[in-house]
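Chains as they are written, first to last, in this note's numbering: chain R, 126 to 243; chain S, 7 to 120.
From the three backbone atoms N, C-alpha and C, an ideal C-beta is built for every residue, glycine too.
Values in this document were obtained by computation on a predicted structure and should not be read as measured data.
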Amino acid sequence: GAVVSQHPSRVICKSGTSVKIECRSLDFQATTMFWYRQFPKQSLMLMATSNEGSKATYEQGVEKDKFLINHASLTLSTLTVTSAHPEDSSFYICSAPTSGGYWGNTQYFGPGTRLTVL
Amino acid sequence: AQSVSQHNHHVILSEAASLELGCNYSYGGTVNLFWYVQYPGQHLQLLLKYFSGDPLVKGIKGFEAEFIKSKFSFNLRKPSVQWSDTAEYFCAVNLGDSWGKLQFGAGTQVVVTP
Numbered sequence: 126g127a128v129v130s131q132h133p134s135r136v137i138c139k140s141g142t143s144v145k146i147e148c149r150s151l152d153f154q155a156t157t158m159f160w161y162r163q164f165p166k167q168s169l170m171l172m173a174t175s176n177e178g179s180k181a182t183y184e185q186g187v188e189k190d191k192f193l194i195n196h197a198s199l200t201l202s203t204l205t206v207t208s209a210h211p212e213d214s215s216f217y218i219c220s221a222p223t224s225g226g227y228w229g230n231t232q233y234f235g236p237g238t239r240l241t242v243l
Numbered sequence: 007a008q009s010v011s012q013h014n015h016h017v018i019l020s021e022a023a024s025l026e027l028g029c030n031y032s033y034g035g036t037v038n039l040f041w042y043v044q045y046p047g048q049h050l051q052l053l054l055k056y057f058s059g060d061p062l063v064k065g066i067k068g069f070e071a072e073f074i075k076s077k078f079s080f081n082l083r084k085p086s087v088q089w090s091d092t093a094e095y096f097c098a099v100n101l102g103d104s105w106g107k108l109q110f111g112a113g114t115q116v117v118v119t120p
């Protein structure tokens with residue numbers, strides 16, 4: 126079945142540093158991927174749409190200079206949290222849509238990356 | 007603005023009990039509807055989805071959901087739950103013209119006791 130991986134699964138960094146999170150579609154190509162953020166005991170909030178070969182599109186209120194997205198290939202999107210601060214601590218989840226597999230047109234989610242900024 | 011509401015934040019029930027989780031959305035256009043489950047320590051998994059056709063949708067693990075357009079609802083049901091159904095359940099909606107972007111409800115934590 127369709128699988129999406131994320132790396133790292135957990136990262137702790139100091140305030141002011143930048144952190145890169147990778148999202149890969151392992152057995153299918155994804156021209157589009159999505160990045161979500163989940164705060165504790167809250168739902169997922171869509172941050173941005175990552176587009177292969179073009180600029181990402183960001184949801185209202187998401188700082189594009191803070192959360193840099195690069196979709197370098199059909200199987201890889203990266204999210205870089207620049208100059209991270211404690212309020213950026215969260216669970217970041219990516220997803221990728223595919224038309225293949227059991228469900229047909231649907232999305233598959235990565236396992237998430239827990240970011241803690243000290 | 008579009009929104010997704012899940013009626014219960016926390017549900018506790020015994021094994022073999024029936025489960026129904028409510029989900030309402032606010033959007034007047036074409037929508038696609040999903041229920042996702044997140045087991046402890048695992049990633050989101052799709053339980054079922056509705057794009058069109060029969061409003062009663064059957065998913066995996068014995069779950070089903072009914073789309074009632076007039077009520078803007080997509081409630082999830084399971085006749086008899088098991089301890090392994092302990093998880094967080096999310097209702098999600100996307101706009102018909104952009105099926106990849108999902109708007110999630112707040113989630114319902116379901117705890118099934120032996």
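Tell me residue i's beta-bridge partners as DSSP assigns them.
i	result
Phe110 (chain S)	S:Ala98
Thr223 (chain R)	R:Thr231
Ala209 (chain R)	Its beta-bridge partners do not exist; DSSP assigns none.
Met158 (chain R)	R:Ser175
Lys55 (chain S)	S:Phe40
Tyr33 (chain S)	Tyr33 (chain S) is not bridged to any residue.
Tyr183 (chain R)	R:Ala173
Just verifying my parser: in three-state terms, what is the DSSP assignment at residue i?
i	result
Lys64 (chain S)	strand
Ser90 (chain S)	helix
Glu26 (chain S)	strand
Ser76 (chain S)	helix
Thr142 (chain R)	coil
His196 (chain R)	strand
Asn38 (chain S)	strand
Asn81 (chain S)	strand
Lys166 (chain R)	coil
Val71 (chain R)	This structure cannot settle anything about residue 71 (chain R), because the visible part of chain R is limited to 126 through 243.
Ser134 (chain R)	coil
Gln115 (chain S)	strand
Pro45 (chain S)	Reading the sequence as shown, one finds Tyr at residue 45 (chain S) and not Pro. The answer is coil: DSSP assigns Tyr45 (chain S) none of H, G, I, E or B.
For a contact defined as C-beta to C-beta under 7 Å, what are the partners of residue i on chain S?
i	result
Ser168 (chain R)	Phe96, Phe110, Gly111, Ala112, Gly113
Thr231 (chain R)	Leu52, Lys55
Thr174 (chain R)	Lys107
Thr157 (chain R)	Gly106
Indicate whether residue i and residue j have their beta-carbon atoms separated by less than 7 Å.
i	j	result
Ser140 (chain R)	Val242 (chain R)	yes
Ala221 (chain R)	Val129 (chain R)	yes
Gly68 (chain S)	Lys55 (chain S)	no
Ala93 (chain S)	Gln51 (chain S)	no
Leu171 (chain R)	Lys107 (chain S)	yes
Arg162 (chain R)	Ser215 (chain R)	yes
Phe57 (chain S)	Ala98 (chain S)	no
Cys148 (chain R)	Gly237 (chain R)	no
Gly34 (chain S)	Asn81 (chain S)	no
Glu21 (chain S)	Val118 (chain S)	yes
Ser11 (chain S)	Asn30 (chain S)	yes
Phe78 (chain S)	Pro61 (chain S)	no
Ala209 (chain R)	Thr156 (chain R)	no
Ile146 (chain R)	Leu204 (chain R)	yes
Phe153 (chain R)	Thr223 (chain R)	yes
Residue i touches chain R at which residues, Cβ-Cβ below 7 Å?
i	result
His49 (chain S)	Phe234, Gly235, Pro236, Gly237
Residues of chain S with CB under 9 Å from residue i, in chain order?
i	result
Leu171 (chain R)	Lys107, Leu108, Gln109, Phe110
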